[in-house]
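Engineer:
Number of protein chains: 2
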Amino acid sequence: MRTYDVAAIGNAIVDILFQADDAFLNRHGIAKGAMTLIDGFRAETLAAQMTGAIEVSGGSAANTTAGIGSFGGHAAFIGKVHEDRLGEVYLEDLKRIGVAFSGAITNEGASTGCSYILVTPDGQRSMNTYLGCAGTLRPQDIDTDIVAKAQILYIEGYLWDQADTKAAIRKAIAAARAAGTKVALTLSDSFCVGRWRQEFRELMASDLDILFANEGEAKALFETQHFDEAFQAMRAWGKTAAITRSEKGSVVVSAGDVHLIDADPIDRLADTTGAGDLFAAGFLFGLSRRLPLARCGQLGSLAAAECIQHLGPRPQQSLRAMAAAAGLV
Amino acid sequence: MRTYDVAAIGNAIVDILFQADDAFLNRHGIAKGAMTLIDGFRAETLAAQMTGAIEVSGGSAANTTAGIGSFGGHAAFIGKVHEDRLGEVYLEDLKRIGVAFSGAITNEGASTGCSYILVTPDGQRSMNTYLGCAGTLRPQDIDTDIVAKAQILYIEGYLWDQADTKAAIRKAIAAARAAGTKVALTLSDSFCVGRWRQEFRELMASDLDILFANEGEAKALFETQHFDEAFQAMRAWGKTAAITRSEKGSVVVSAGDVHLIDADPIDRLADTTGAGDLFAAGFLFGLSRRLPLARCGQLGSLAAAECIQHLGPRPQQSLRAMAAAAGLV
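Protein chains in written order, with our numbering: chain A, 8 to 336; chain B, 8 to 336.
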């Protein structure tokens with residue numbers, strides 16, 4: 008019996024959300040739909056332009072743990088925050104949703120990380136991330152006991168961008184392998200895949216059991232313009248993969264199985280921030296409860312649809328109640 | 008007597024220019040006005056969208072040497088190309104304009120670097136650079152004799168992004184200091200400053216004689232939103248600095264001197280690609296000929312104005328003839 012369904016490692020990031028139009032993105036040199044790492048000065052420069060922005064706890068893997076909590080699952084989040092206002096709010100938010108915090112709380116160096124997220128009228132989000140102390144998560148911050156007590160270790164691809172966090176992941180993966188904990192990775196962003204393609208592919212060959220990607224990331228991973236080629240490559244891999252395709256739904260594969268899952272209908276697209284994270288929450292919750300693969304995908308669709316109909320990357324309704332109403336749990 | 012007015016080190020890059028609107032940038036996640044490094048897959052993805060693009064030799068520091076050549080000056084360019092079609096055209100273009108090539112021509116590994124540059128109707132350029140072999144310029148590719156034979160060594164800030172090229176620069180700087188060659192740096196891009204601020208500032212304190220920046224880069228360097236504060240910091244530095252401000256002209260400082268140089272009038276803004284590089288060409292040509300500081304700035308304005316009225320980053324008219332007609336030389 009394991010304590011946690013999922014232990015997730017990721018950048019602890021407070022999202023600062025601001026609604027803006029495409030012209031704003033162009034004026035400020037922001038790459039639409041991407042995640043761009045920025046320094047403190049650039050963060051201040053953007054902040055000065057964003058009056059009326061709202062602050063909410065975010066971070067890709069942490070959003071996934073929040074989703075698992077909302078499904079009634081047991082999740083732990085491993086990350087690093089500073090003992091500052093944002094860090095305290097961040098920890099409080101995890102606690103409220105029933106997610107255990109592991110990792111580190113520091114009172115030195117950089118402040119708690121944040122991401123300036125511009126949400127355009129089409130619901131797309133463009134992220135400008137100041138990592139702050141999140142980028143300094145180190146191997147000694149990883150409690151291998153937490154990893155060993157989880158069914159699945161879930162890792163954010165973004166962590167590859169920093170040498171410290173990459174070393175921390177390697178330690179967590181070794182602990183997972185030793186304990187029989189399954190290892191899952193999300194590719195995070197197609198630019199991130201461009202930076203770390205080779206390492207991600209090596210990781211697939213050596214340690215991964217479960218992979219999450221969206222369509223652009225999957226194509227970038229296998230360097231193809233054709234979705235079907237990326238899909239065939241995922242099948243050939245032979246492990247479990249979930250590829251999300253926005254309104255086209257998702258494709259889940261595992262060993263010989265393939266399921267094509269529809270996107271859940273929505274009334275209004277408000278903000279895609281967190282959509283992939285919440286899909287992963289539903290899918291991982293299903294996997295950890297040994298639900299059939301198609302059901303795991305449906306739970307992912309349900310959680311993603313809830314997420315994109317409001318501003319912010321975490322559930323505002325009980326995913327457990329929604330899943331029960333839909334007859335999925 | 009020195010053989011070269013300027014020896015410049017930079018990424019040898021072929022520009023692939025394509026006229027596009029702001030919506031194209033947003034659709035493809037391109038940061039307007041910035042230089043973004045991309046991988047080979049992303050390069051192919053963009054190339055597939057750019058029918059009718061034109062290819063011209065580019066690269067920031069190489070454009071500057073082309074400008075110096077057009078002024079009738081003597082310049083050497085230190086970079087790395089592959090023995091492929093783009094590499095051959097690149098070398099031919101330097102030869103035609105009378106710029107000596109140093110560095111390396113390789114027949115192994117990555118191809119000649121290129122940059123997919125989107126030019127929007129407002130004349131702004133957004134660069135997506137695949138470094139190719141340019142990013143592998145190594146210390147052993149630096150001929151210190153060339154550096155010692157130049158009055159000024161000119162360095163592109165973009166080179167800081169790769170460990171190899173950074174080591175190559177350090178070797179060139181050491182050779183310059185030993186030979187009494189002045190050392191100049193361009194900050195290249197405000198995101199580049201965000202990545203390497205501390206190293207650039209250390210370099211100013213230790214080795215630089217001349218610094219080029221545009222307004223955004225100068226503000227980023229000193230982490231201020233106020234141009235005047237960046238200007239005061241440049242003055243306090245005490246060496247020679249030229250800060251370009253687009254249509255607001257430029258500010259040049261040297262020891263106690265300050266000159267405010269107007270931008271040259273233009274008929275039509277076509278493409279800002281290379282504007283800063285050509286300003287540097289005029290300014291460095293003037294400095295190497297011991298012209299008064301204000302005159303150096305005027306030569307910079309003249310070269311930049313020629314550049315931005317046509318597509319492509321290198322002069323299409325004789326800058327020497329234009330400068331003579333304007334009574335500047």
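All residues carry an ideal CB built from backbone N, CA and C; glycine is no exception. All values reported here derive from a predicted model rather than from experimental measurement.
Would B/Leu32 and B/Ile45 qualify as a contact pair, given that the criterion is a beta-carbon distance under 9 Å?
Structural biologist: The sequence position of residue 32 of chain B within the second sequence is 25, counting from 1. The sequence position of residue 45 of chain B within the second sequence is 38, counting from 1. No, they are not a contact pair.
Engineer: Is it buried or exposed, A/Lys226, if we count other Cβ atoms within 10 angstroms and call 16 or more buried?
Structural biologist: Locating residue 226 of chain A in the first sequence gives position 219, counting from the first residue. A/Lys226 comes out buried.
Engineer: In the DSSP output, which residue or residues are listed as bridge partners for A/His266?
Structural biologist: Locating residue 266 of chain A in the first sequence gives position 259, counting from the first residue. Note: A/His266 sits in a beta bridge opposite A/Val259.
Engineer: Show which residues of chain A have a CB atom less than 7 Å away from the CB atom of B/Thr143.
Structural biologist: Residue 143 of chain B sits at position 136 when you count from the first residue of the second sequence. Result: empty, since nearest Cβ-Cβ is about 16 Å, beyond 7 Å.
Engineer: Using the beta-carbon count (16 or more within 10 Å), is B/Arg92 buried or exposed?
Structural biologist: Within the second sequence, numbered from 1, the residue matching residue 92 of chain B stands at position 85. With fewer than 16 Cβ atoms within 10 Å of its Cβ, B/Arg92 is classed as exposed.
Engineer: With three or more C-beta pairs closer than 8 Å as the rule, is the region 60-77 of chain B touching the region 266-286 of chain B?
Structural biologist: yes
Engineer: Roughly how many angstroms separate the alpha carbons of B/Arg17 and B/Val154, rounded to a whole number?
Structural biologist: As a working note, residue 17 of chain B is residue 10 in the second sequence. As a working note, residue 154 of chain B is residue 147 in the second sequence. Here residue 17 of chain B is Gly; the residue named in the question, Arg, does not match the sequence. So the alpha carbons of these two residues sit roughly 13 Å apart.
Engineer: Pull up the DSSP beta-bridge partners for B/Phe108, would you.
Structural biologist: By one-based count along the second sequence, residue 108 of chain B stands at place 101. In the DSSP assignment, B/Phe108 is bridged to B/Phe84.
Engineer: Mind checking if A/Asn221 is an interface residue toward chain B, Cβ cutoff 9 Å exclusive?
Structural biologist: For the purposes of this step, residue 221 of chain A is taken as residue 214 along the first sequence, with counting starting at 1. In terms of beta-carbon proximity, A/Asn221 stays away from the interface with chain B, with every pair separated by 9 Å or more.
Engineer: Which of helix, strand or coil does DSSP assign to A/Val13?
Structural biologist: Here residue 13 of chain A is taken as the residue at index 6 of the first sequence, counted from 1. The answer is strand: DSSP assigns A/Val13 an E or B state.
Engineer: Terminal residues of the continuous alpha helix (DSSP H) containing B/Lys173?
Structural biologist: Here residue 173 of chain B corresponds to residue number 166 of the second sequence, with the count starting at 1. Counting along the chain, the alpha helix (DSSP H) containing B/Lys173 begins and ends at Ala170 to Ala186.
Engineer: Chain A beta carbons: is any one of them nearer than 9 Å to that of B/Glu230?
Structural biologist: Along the second sequence, one-based indexing puts residue 230 of chain B at 223. So yes, B/Glu230 belongs to the interface.
Engineer: Suppose contacts are defined by Cβ-Cβ distances below 9 Å. Is B/Val190 in contact with B/Ile217 by that definition?
Structural biologist: The count along the second sequence starts at 1 and reaches residue 190 of chain B at position 183. The count along the second sequence starts at 1 and reaches residue 217 of chain B at position 210. Using a Cβ distance threshold of 9 Å, B/Val190 and B/Ile217 count as a contacting pair.
Engineer: Give the secondary structure of A/Arg132 by DSSP, where H, G and I count as helix, E and B as strand, and everything else as coil.
Structural biologist: As a working note, residue 132 of chain A is residue 125 in the first sequence. Residue state, collapsed to three classes: strand.
Engineer: How many Å lie between A/Leu326 and A/Ile250 at the Cα?
Structural biologist: What you label residue 326 of chain A is simply residue 319 of the first sequence in a count that begins at 1. What you label residue 250 of chain A is simply residue 243 of the first sequence in a count that begins at 1. Those two C-alpha atoms are separated by around 21 Å.
Engineer: For A/Ile315, which three-state DSSP category applies?
Structural biologist: As a first step, residue 315 of chain A must be located in the first sequence, where it is residue number 308. Note: A/Ile315 maps to helix in three-state DSSP.
Engineer: Tell me, please, which residues DSSP counts as bridged to B/Gly245.
Structural biologist: Here residue 245 of chain B corresponds to residue number 238 of the second sequence, with the count starting at 1. DSSP, once it has assigned bridges, lists no residue as partnering B/Gly245.
Engineer: Could you tell me whether the Cβ atoms of A/Trp203 and A/Gly164 are closer together than 9 Å?
Structural biologist: Taking the first sequence and counting its residues from 1, the one referred to as residue 203 of chain A is at position 196. Taking the first sequence and counting its residues from 1, the one referred to as residue 164 of chain A is at position 157. A distance below 9 Å separates the beta carbons of A/Trp203 and A/Gly164.
Engineer: Nearest to B/Ser253 by alpha carbon, out of B/Phe48, B/Asp269 and B/Arg242?
Structural biologist: By one-based count along the second sequence, residue 253 of chain B stands at place 246. Looking at the Cα atoms, B/Asp269 is the closest of the given residues.
Engineer: Alpha carbon to alpha carbon, how far is B/Ile124 from A/Pro128? Give it in angstroms, no decimals.
Structural biologist: Residue numbering aside, residue 128 of chain A sits at position 121 when the first sequence is read from its first letter. Residue numbering aside, residue 124 of chain B sits at position 117 when the second sequence is read from its first letter. Each residue's alpha carbon lies about 27 Å from the other.
Engineer: Can you find a C-beta in chain A that's less than 9 Å from the C-beta of B/Glu51?
Structural biologist: As a working mapping, residue 51 of chain B is identified with position 44 in the second sequence. Judged by the 9 Å Cβ criterion, B/Glu51 is in contact with chain A.
Engineer: Just the chain A side, please: which residues come within less than 7 Å of B/Lys39 by C-beta, in chain order?
Structural biologist: Within the second sequence, numbered from 1, the residue matching residue 39 of chain B stands at position 32. Those are Asn33 and Gly36, listed as they occur along chain A.
Engineer: Would you tell me roughly how many angstroms separate the C-alpha atoms of A/Glu90 and B/Arg242, rounded to the nearest one?
Structural biologist: For the purposes of this step, residue 90 of chain A is taken as residue 83 along the first sequence, with counting starting at 1. For the purposes of this step, residue 242 of chain B is taken as residue 235 along the second sequence, with counting starting at 1. Rounded to whole angstroms, A/Glu90 to B/Arg242 spans 39 Å at the Cα level.
Engineer: Quick one: what does DSSP say A/Gly289 is sitting in, helix, strand or coil?
Structural biologist: For this step, residue 289 of chain A is matched to residue 282 along the first sequence. It is helical.
Engineer: Does chain B have any CB closer than 9 Å to the CB of A/Asp29?
Structural biologist: Here residue 29 of chain A corresponds to residue number 22 of the first sequence, with the count starting at 1. So yes, A/Asp29 belongs to the interface.
Engineer: Where does A/Phe219 fall in DSSP's three states?
Structural biologist: In the first sequence, counting from the first residue as 1, residue 219 of chain A sits at position 212. Strand, per DSSP.
Engineer: Report the three-state DSSP secondary structure of B/Gln26 (helix, strand or coil).
Structural biologist: To locate residue 26 of chain B, count along the second sequence from 1; it is residue 19. Strand at B/Gln26.
Engineer: Any C-beta of chain B sitting closer than 9 Å to the C-beta of A/Asp46?
Structural biologist: One-based indexing of the first sequence puts residue 46 of chain A at position 39. Yes, A/Asp46 counts as interfacial toward chain B.
Engineer: If you draw a straight line from the C-alpha of A/Asp214 to the C-alpha of A/Ala182, how long is it?
Structural biologist: Your numbering for residue 214 of chain A matches position 207 in the first sequence. Your numbering for residue 182 of chain A matches position 175 in the first sequence. Near 11 Å, if we compare the C-alpha coordinates of A/Ala182 and A/Asp214.
Engineer: Please confirm whether A/Ala55 has its beta-carbon closer than 9 Å to some beta-carbon of chain B.
Structural biologist: Taking the first sequence and counting its residues from 1, the one referred to as residue 55 of chain A is at position 48. It does: the Cβ of A/Ala55 has a partner Cβ on chain B nearer than 9 Å.
Engineer: To which residues of the same chain is B/Gly130 closer than 8 Å at the C-beta, ignoring the five residues directly before and after it?
Structural biologist: Looking up residue 130 of chain B in the second sequence gives position 123. When the five nearest sequence neighbours on each side are left out, the beta carbons in the same chain lying within less than 8 Å of the beta carbon of B/Gly130 are those of Leu276, Ala277, Asp278, Thr279 and Ile315, in order along the chain.
Engineer: Quick one: what's got a C-beta closer than 8 Å to A/Asp12's C-beta in the same chain, skipping five residues either side?
Structural biologist: Within the first sequence, numbered from 1, the residue matching residue 12 of chain A stands at position 5. Taken in chain order, the residues that qualify are Ile75, Gly80, His81, Ala82, Ala157, Gln158, Ile159, Leu291, Phe292, Ser295 and Arg296.
Engineer: Measure from the C-beta of A/Ser195 to each C-beta in chain B and report whether the shortest distance is under 9 Å.
Structural biologist: Locating residue 195 of chain A in the first sequence gives position 188, where the first residue counts as 1. Output row for A/Ser195: interface = no.
Engineer: Can you tell me which of the three DSSP states A/Gly120 falls into?
Structural biologist: Taking the first residue of the first sequence as position 1, residue 120 of chain A is located at position 113. Reduced to three states, the DSSP call for A/Gly120 is strand.
Engineer: Strictly under 9 Å for the Cβ-Cβ distance: is B/Gly139 near chain A by that measure?
Structural biologist: Here residue 139 of chain B is taken as the residue at index 132 of the second sequence, counted from 1. Judged by the 9 Å Cβ criterion, B/Gly139 is not in contact with chain A.
Engineer: In whole angstroms, what is the alpha-carbon distance linking B/Arg145 and B/Phe108?
Structural biologist: Here the question's residue 145 of chain B lines up with position 138 in the second sequence. Here the question's residue 108 of chain B lines up with position 101 in the second sequence. Straight-line spacing of the CA atoms in B/Arg145 and B/Phe108 works out to 16 Å.
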